[in-house]
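Undergrad: Protein chains in written order, with our numbering: chain A, 681 to 945; chain B, 160 to 436; chain C, 589 to 967.
Ideal Cβ positions, reconstructed from N, Cα and C, are used throughout, including at glycine.
1) What residue range is occupied by the uninterrupted alpha helix (DSSP H) comprising residue 881/C?
2) Does the distance from the C-beta atom of residue 934/C to that of residue 818/C stay below 7 Å?
3) Where does residue 912/C land, buried or exposed, given buried means 16+ other C-beta within 10 angstroms?
4) Would you say residue 777/C and residue 821/C are within 7 Å of each other, going by their C-beta atoms?
5) Tell me, to the nearest whole angstrom, how far the beta carbon of residue 352/B is from that of residue 318/B; I am working on the premise that it is less than 8 Å.
6) Counting only C-beta atoms, is residue 680/C closer than 7 Å to chain B at any point?
7) According to DSSP, what are the bridge partners of residue 772/A?
8) May I have the straight-line CA-CA distance separating residue 325/B from residue 680/C, to the nearest angstrom?
9) Using 7 Å as the limit for Cβ to Cβ distance, is residue 690/C near chain B?
10) State the Cα-Cα distance for the pair residue 803/C and residue 796/C, rounded to the nearest angstrom.
11) Taking only three categories from DSSP, how would you classify residue 560/C?
12) Could you give the DSSP three-state label for residue 214/B: helix, strand or coil?
13) Just checking: is the beta-carbon of residue 424/B within a distance shorter than 7 Å of some beta-carbon in chain C?
14) Confirm, please, whether the CB-CB distance from residue 706/A to residue 914/A is below 7 Å.
15) In the structure shown, what three-state DSSP assignment does residue 726/C receive?
16) For residue 702/C and residue 754/A, I'd like the C-alpha separation in whole angstroms.
17) Interface residues of chain B around residue 924/A at Cβ under 8 Å?
18) So, at 6 Å on beta carbons, what are the nonlocal neighbours of residue 648/C in its own chain, with the 5 sequence-adjacent residues on each side left out?
19) Tell me the DSSP secondary structure of residue 205/B in three-state form.
20) Less than 7 Å between CB atoms is the rule here; does residue 663/C satisfy it with respect to chain B?
21) I'd like to check one pair, residue 300/B with residue 268/B: are the Cβ atoms closer than 7 Å?
22) Just mark residue 941/A as buried or exposed, buried being the case when its beta carbon has 16 or more other beta carbons within 10 Å.
23) I need the boundaries of the alpha helix (DSSP H) containing residue 739/A, first residue and last residue.
24) List, in chain order, every chain C residue whose beta-carbon is nearer than 7 Å to that of residue 326/B.
25) In chain A, which residues lie with their C-beta within 8 Å of the C-beta of residue 184/B?
26) Which residue from 900/A, 809/A and 819/A puts its Cα closest to that of residue 872/A?
27) What first and last residue would you give for the alpha helix (DSSP H) that runs through residue 298/B?
28) Residues of chain B with CB under 9 Å from residue 659/C, in chain order?
29) Starting from residue 593/C, follow its DSSP beta bridges and name the residues at the other end.
30) Using the beta-carbon count (16 or more within 10 Å), is residue 399/B buried or exposed?
31) At the level of alpha carbons, what is the spacing between residue 285/B and residue 713/A?
32) Taking only three categories from DSSP, how would you classify residue 433/B?
33) If we define contact as Cβ-Cβ less than 7 Å, is residue 669/C a contact residue for chain B?
34) Starting from the beta carbon of residue 278/B, find every residue of chain A whose beta carbon is closer than 8 Å, and list them in chain order.
35) Under 7 Å, CB to CB, which of the residues in the segment 712-746 of chain A have a partner in chain B?
36) List the DSSP bridge partners of residue 623/C.
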């Protein structure tokens, strides 16, 4: 039974990692073949770093993720405080609206925003699809995740500490910044990281709302998959995989470090 | 009192305005477009034309359900095995499950093209062993495979989460009262893990039923899903742009998913225990 | 005479996580007996229980149940049932379904299940709780459900793993009485694990005192209290003054600089021994009548009696007396021959000192904190 379970686990992980492994191997392929391995080479990595389209879309993706996560975190955190104070029907209504972008399929969110933008572009003639519309759409689907990670922290917060700060002579806003924010900082950071990665990872919403001037990395990758095969994608994927792995290892390492600290104190 | 409510409004203002403009208004616009024609007149034509796409809806539902079922069957034993491991090993295994999730799903799907192609790795291996090649890419099977591969971790994680919360002593108590492996699974593990199974099903089914990328890359234009149709009507890659029909299809898709989730939640209530991840 | 051994543990040894938990343990349990495994955390009592239940298989040795070797029989096929430390109720089932669980596995007919569940609920005083959710119950009520659930399948033996540890003191006392009543009414065997010596003394027919994987003593509560086999048992059960002594001859022991008459015999001449004297067995007498004399260093009022610490040539005695003595006064101490208990020297000799570091506060703290037994938790 134990052996069987081990074999099973191994097969599932093999299934999960085989395609990634294939990509990594072929990213070092000297041939421009999808299947024939013609020796080790770094030429696709060199080409990758000379591909202006990819580099530009990487830059846009990072800027977009950072900016949208930042703005979403600010709006979402403030909103969480407001929602936390609500009771009854208003609270349920806010949470329901908050859940719409989370539960709706990406494609529906994407086209609904596209309709909005097109509506404004045609009716008001004031704007164009581009970085602006991308930013707005990313902020919109990021805000709910920030709310969902900050709200539980507020629930676990002792409401007396805010009052205690005021009791000790601190005005409301500084009291909030000095006392409440540090208590919920973990939720805020989680929300920010979530928003950042979701934005970086998003394809569907960007695809419908990017226009031609600003394309994110996933959108660029998508257009590459439709053109004749280029192992550059493999090289790019390998680098992304390594980046993600490094990030996860760092996070995990830090977390276990934190736990050790807690045990010692 | 008055000032307090005023400050509360001020706190909520940015969020309220933002969500109203960028969540509620767009949804309203979808409804508006779904029930109007190009000239803005009210019509039921768009919604009625859904009938023409019933076949596509059916295919989407079918493939998504098959993928969800396969994910469930594959994920449950693994999630259970991980949940019974030593704590340190558990976090390593969960990291391994999550790692591919962090790769963009375009890349993950693309990787399968290399493997499944007529001249891909599998066929080359088969031919090297003296067999005939298979036709794998551009089939419904390839699309299902792509869905399972992409969404499997979304099934493993929530099930794992509820299973870890089941204490070993609860399982021992069942054993103690005479339950064998089958009974333990049927009467304890399965009912207690219902919330996780349900969120897993939702997390796999929703993206699977609405995808258009997987069918494009692995179905090669032969498998048409509802997502593909919607994409076409909005971006017009292979046909005419028609926001009205596109909006109507999206509306139906949205309602379809809402209904499925309502059914799911009903199951969840029966299983009383709360706390989904 | 009819052989009524129900469970027989023969030469049981087990190591968990590289640590030897039980060392060649031999123990038999009689039918309809209330037997308690008593010892500090880590002594192997929970492991012993889990071996009887079948959750652990011993590395060596045999488990005999009703004349049959059940060492390799899985838990679900054994006629024993367990009350777990934190009850392990099924959170997805209500009270009724929890109790019915084992019966449903046995495919008992529905009317029969209904009757049994009703009977069990009456037994544990939970009538009317059928449809209640487990989470809505108090600790004491959950405890009762756990008992009802285990008894519903009519086990020959009920294993209880520190079942009252999570309850507060008052509730614990009530449940002790109730458990004992249930055991007597149903006439089944209870194997009870605890680290609480008071609990063990008040409930058990037989107590098994364990330490570091070995049985130190088996006996009735009275035997264990009055005739502890070694310094560990004497110290673990109740308060005791444990002194170094020498057995001069039969019925004569010398300790604390005085030769006492006692009831023990059979030791070698001049054999070094451990002497146990319980605090309540020392009479406080005027100085001139005392066999030994000491200086009172502390007096604590305990309600029924005073607890005083007396310094006798540097050794601090604890004495319980109903007469008030002033602190710092000198008193005489008188000890009857039957109050003196002589023990052979053991590996525990000298480990348990006098009461020089004794403090009420520490005693109270250790009373309240419930130590989780973790010697058997490796899974």
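TA: On the basis of the coordinates in this document:
1) Per DSSP, residue 881/C belongs to no alpha helix (DSSP H); it is in the beta strand (DSSP E), 880-889.
2) Contact flag set, yes.
3) Exposed.
4) Inclusion of residue 777/C and residue 821/C in the CB contact set at 7 Å is not warranted, their separation being larger than that value.
5) Between residue 352/B and residue 318/B, the beta carbon gap of about 6 Å places them in contact (Cβ cut-off 8 Å).
6) Chain B, which has a Cβ nearer than 7 Å to the Cβ of residue 680/C, makes this yes.
7) BP columns for residue 772/A are empty, so no partner.
8) When rounded, the distance between both Cα atoms is 11 Å.
9) Put simply, the CB of residue 690/C is near chain B, with a gap under 7 Å to one of its CB atoms.
10) Roughly 7 Å between the two C-alpha positions.
11) The shown model of chain C, from 589 to 967, leaves out residue 560/C, and the question about it has no answer.
12) Residue 214/B falls in the helix class under three-state DSSP.
13) No - not a single Cβ of chain C is within 7 Å of the one on residue 424/B.
14) In this structure, the beta-carbon distance from residue 914/A to residue 706/A falls below 7 Å.
15) Residue state, collapsed to three classes: coil.
16) C-alpha separation (whole angstroms): 58 Å.
17) Result: 258, 261 and 262.
18) Excluding positions up to five away in sequence, the list reads 601.
19) Here residue 205/B sits in helix by DSSP.
20) When Cβ-Cβ separations below 7 Å define contact, residue 663/C makes contact with chain B.
21) Contact flag unset, no.
22) Reliability fails at residue 941/A, whose pLDDT of 49 lies under 50, so the model's placement of it is uncertain and the value that follows must be treated cautiously. Exposed: under 16 other Cβ atoms inside 10 Å.
23) For residue 739/A, the enclosing alpha helix (DSSP H) begins and ends at 732-765.
24) The answer, in chain order, is 676.
25) By Cβ distance, chain A contributes 796.
26) Considering only alpha carbons, the answer is 819/A.
27) That residue, residue 298/B, is in no alpha helix (DSSP H); it is neither H nor E in DSSP.
28) Against residue 659/C, chain B offers no close residue; the least beta-carbon distance is about 16 Å (beta-carbon pairs closer than 9 Å).
29) The beta-bridge partner set that DSSP reports for residue 593/C consists of 618/C.
30) That one is exposed.
31) The straight-line gap from Cα to Cα measures roughly 19 Å.
32) Because the pLDDT of residue 433/B is 37, which lies under 50, any placement of that residue in the model is unreliable, and the number read from its coordinates should be weighed accordingly. Residue 433/B: coil per DSSP, three-state reduction.
33) Closer than 7 Å: yes.
34) Near residue 278/B (Cβ distances below 8 Å), the residues of chain A are 714 and 715.
35) Within the segment 712-746 of chain A, the residues whose Cβ lies closer than 7 Å to some Cβ of chain B are 714 and 715, listed in chain order.
36) DSSP lists 779/C and 794/C as partners of residue 623/C.
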